[in-house]
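Once you know that position 3 of the sequence shown is 2 in numbering that gives the first Met the number 0, the rest is easy, because the numbers rise by one and skip nothing.
Where a beta carbon is used, it is the ideal one built from N, C-alpha and C, also for glycine.
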Amino acid sequence: MKLSLLPYFAILAFSGLIQAAPNSVTEDKLFDVLDAENKTAVFEKRAEASSASPMLFKRANKCGSSSFENQGSEASPNIDDCKRIVWNIRRGGRWTLFNSNHRQLAQYGTCAFGAQTDYPFKYVGNEDIMDLINDSIKYFARHDGKVGSKGKMDCSGGIFGGEVHWGLYHT
């Protein structure tokens with residue numbers, strides 16, 4: 000017997016009402032029901048949605064968690080220049096990486112952020128870059144006002160998930 004997808008769309012449309020209503024059905028139980036029916040549904044957490052609009056939308060975050068490795072030295076970029084990159088890209092943006100050599104995605108003064116992938120193409124969003132720079136400063140800021148770091152993260156794009164290598168370095 001073929002089931003209609005209408006109930007699933009109704010669940011997606013009224014997900015905000017489900018969360019607001021005092022009900023004994025929890026989110027975990029809801030996912031169990033969907034899994035039991037062998038149907039796939041994608042839910043976006045309300046924390047990732049705009050509070051100004053009832054519509055859910057995906058932000059410019061294209062990558063997942065990242066590893067971090069301290070690369071700081073006397074030759075590293077100035078922290079203030081790296082903070083300026085964060086300020087400059089705060090309003091949005093998405094960069095596309097192709098399976099090629101390293102690509103510089105953003106630069107200001109002595110600071111540059113770049114990335115590369117071995118996959119056909121991957122996306123890196125402005126929020127990804129902002130988070131990586133801010134976390135690098137938080138964890139690896141040197142006493143002389145410099146910072147340098149690198150890492151790996153999985154990013155969206157293409158048919159398969161894939162790893163992106165990134166770096167925060169002196170221009």
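Item                                                                                            : Value
D79 - DSSP class collapsed to helix/strand/coil                                                 : helix
CA-to-CA distance, A140 to N98, given in whole angstroms                                        : 31 angstroms
Residue(s) in a DSSP beta bridge with Q115                                                      : H164
Alpha-carbon to alpha-carbon, L131 and E162                                                     : 15 angstroms
Beta-carbon spacing of K121, C81 below 9 angstroms                                              : no
Top-ranked residue by Cα proximity to G124, from N69, I88, Y138                                 : I88
Nearest-angstrom beta carbon gap, V146 and G71 [assumed within contact, 8 angstroms]            : 6 angstroms
As assigned by DSSP and simplified to three states, the class of V85                            : helix
Beta-carbon proximity list for V85, same chain, < 7 angstroms, skipping 5 on both sides         : M129, I132, N133
Alpha-carbon to alpha-carbon, S65 and M152                                                      : 4 angstroms
Where F159 falls, given that 16 or more other Cβ within 10 Å makes a residue buried             : exposed
Three-state class that DSSP yields for S148 in the structure shown                              : strand
Limits of the beta strand (DSSP E) - the one that K137 falls within                             : Here K137 belongs to no beta strand (DSSP E); instead the alpha helix (DSSP H) covers 125-139.
Of the residues D79, P119, R102, G108, the one placed nearest G166, counting alpha carbons only : R102
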